[in-house]
Structure formats: C-alpha cells, structure tokens
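In the working numbering, the protein residues as written are 287 to 541. Beta carbons are placed, not taken as given, at the ideal position from N, Cα and C, and that holds for glycine. Keep in mind it's a predicted model, so treat the numbers as computed, not measured. Notes follow once the structure below has been shown.
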C-alpha cells in the first residue's frame, strides 16, 4: 500500500513493500493538474509519482518516521490520525480535487465512517480513488473450497486487514459515503498469486529488506512494463475472479 497508519516499512524486516509501491491502477485514474491528498501516504512513493505527473500533492501519515521520508519526496506532509476526520479537516484547512486511499481503508475497523468523514475534504465535483482488496479472487475461493481461510504476510489475506471486500461491497461502501462510482480499475491476480516467489526473483541479490531495490530491479521493471499490462487486460474480462484489487473512482456531486 502507499501508506497505512502505524504500519512498518519493509526495512523493519516484515517483508512488506507497502510504502514504496506505486499502484499502476491508481495512477491510471489519477490524471494531472490537480490538487491531491494522499491519505496514509507512507514514505511518499505514490505521492511523489502523483507529483511527477503534474499534480500538487499533500500527504497524510500517522507514523512520523514514514512521514519524514515522505517530506523528502513531496512538499507537504501532515502527521495526523486519519480516523480523526474532523481534526484532520481542520488541520488541512482546504479542499482537494482528488483524495487517494491506496490500500488504506481495509486496515481500519470502520472504513465507511472514515471515508464519509473525509467527504468534506473533496471539492464539489471532485473525486476519491479508493483501492480495496478483492476477497472473491480465485485463490481465496479455492482456499475456501478446501476449508482454508488463512492470513498471510501480504496480499489479499494480509494479516493486518480488518475488513474484506468484493467488487459489489466495495462499490456500495463508496456510494454510501456520498460518492457516485464512475469507473472501477483492477489490479490483476495472476502473477500476484505467487507473489512471494516472484519477490525472491525480483530481489535477485538486492537485499532481503530493501523493498525499494526490489521494485527498481530489472526483473520487476520487465514485469511492470510488459507482463502487468497484459494481466490487467485479462483481469478486466473477469474482474470478480481475476482481480487482486479494485480501484473505485467516486465523484462528489456538485459543480
């Protein structure tokens, strides 16, 4: 994920690559020339990518060490608990064209309350981009058929996930928060079904705990450039089964 309140980066030895991962499905929907609030920005990898795409970006992150790294990448990062939506709204003091929740809401006990509470931060006619894991993906379905529902270190069944979603339930939540869903992007669940093995290949001597080096490796860059786009095309044909994640684009009614 791009960031999560209280999460630890991979350098702490937990094997996560959340903070340094830039979600292609989010970037495809983001656009340019907008004011963007990256909610739970982590160390600012996605925020920096959004800034490089021509947007004015503000990040919000609870964990100070991650926020400090994010400040090296984007101009403004606010340290704040995202579940305190009223306090955050007051601290920011402005509205944004786009709010990004990249792999954040599934880690919260009441994601609808947080998403609804941040509606005031979205300009009338503005958007939210919300990425959520797809608990109906084929690997989870096969596991249930075999009587297994086990948590993992990362992915759909990440042990830090408190809430699980399907395409339909994710859409209902975004709509219940006061946004009309206009598009739904996908992150494919094909190579990612064997992600731990692929990470070992991507790492290829880069270091066990260096997530940034893994994502910068030639093997990962080859995957991202050539394989992931093909997987995404296939996943769109049967998203309920073949997507590891959905990205909901919701619009706030107004001008």
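Backbone secondary structure at residue i - three-state DSSP
| i | result |
| --- | --- |
| residue 296 | For residue 296, the predicted structure reports a pLDDT of 35, less than 50, and the residue's modelled location is therefore unreliable. A value from the coordinates is still provided. Helix, per DSSP. |
| residue 551 | Past the boundaries of the shown model lies residue 551; the chain is included only from 287 to 541, so the question cannot be answered. |
| residue 394 | coil |
| residue 384 | strand |
| residue 379 | coil |
| residue 307 | coil |
| residue 402 | helix |
| residue 512 | helix |
| residue 523 | helix |
Minimum C-alpha distance to residue i - residue among the options
| i | options | result |
| --- | --- | --- |
| residue 528 | 465, 397, 453 | 453 |
| residue 317 | 396, 338, 326, 445 | 338 |
| residue 534 | 354, 349, 372, 385 | 385 |
| residue 521 | 508, 536, 470 | 470 |
| residue 315 | 329, 335, 330 | 335 |
| residue 353 | 516, 445, 440, 332 | 332 |
| residue 377 | 344, 434, 357 | 344 |
| residue 416 | 439, 432, 387 | 387 |
| residue 462 | 436, 399, 430, 523 | 399 |
| residue 371 | 323, 406, 432 | 406 |
| residue 312 | 456, 515, 368, 472 | 472 |
| residue 403 | 437, 426, 342, 373 | 373 |
| residue 397 | 455, 350, 444 | 455 |
| residue 367 | 360, 375, 310 | 375 |
| residue 547 | 505, 477, 508 | Residue coverage of the chain in this structure runs from 287 to 541, which leaves residue 547 outside it and unanswerable. |
| residue 440 | 433, 432, 389 | 389 |
| residue 444 | 369, 505, 457, 426 | 426 |
| residue 308 | 351, 506, 458 | 506 |
Own chain partners of residue i with C-beta closer than 6 angstroms, once the 5 adjacent residues on each side are dropped
| i | result |
| --- | --- |
| residue 319 | 340 |
| residue 419 | 392, 442, 531 |
| residue 536 | 414, 460, 465, 467 |
| residue 243 | Only positions 287 to 541 of the chain appear in this structure, which leaves residue 243 out of reach. |
| residue 540 | 410, 411 |
| residue 450 | 421 |
| residue 323 | 344, 382, 385 |
| residue 401 | 463 |
| residue 321 | 342, 382, 383 |
Close Cβ partners of residue i (< 8 angstroms) along its chain, the five nearest in sequence each way excluded
| i | result |
| --- | --- |
| residue 422 | 452, 453, 526, 527 |
| residue 448 | 392, 393, 394, 395 |
| residue 424 | 475, 479, 527, 528 |
DSSP bridge partner residues for residue i (one or two, in chain order)
| i | result |
| --- | --- |
| residue 530 | DSSP, once it has assigned bridges, lists no residue as partnering residue 530. |
| residue 466 | 537 |
7 angstroms CB neighbourhood of residue i in its chain, flanking five on each side removed
| i | result |
| --- | --- |
| residue 494 | Confidence at residue 494 is low in this model, with a pLDDT of 48, below 50, so its placement is unreliable and the value that follows should be read with caution. If we look at residue 494 and ignore the five residues flanking it on each side, it has no Cβ neighbours. |
| residue 408 | 381, 382, 385, 414, 538 |
| residue 347 | 289, 326, 327, 328, 353, 356, 363, 365 |
| residue 360 | 330, 333, 334, 337, 343, 345 |
| residue 435 | 429 |
Report task. Can you check the region 408-461 for any beta strand (DSSP E) of at least 3 residues that lies completely inside it and give the ranges in chain order? Result -> Fully enclosed beta strand (DSSP E) runs of 3 or longer: 408-419.
* Could you pull out every unbroken alpha helix (DSSP H) segment of at least 4 residues lying fully inside the region 310-377, listed in chain order? => With a minimum length of 4 residues, the continuous alpha helix (DSSP H) runs that stay inside the region 310-377 are 310-316, 331-338, 350-357.
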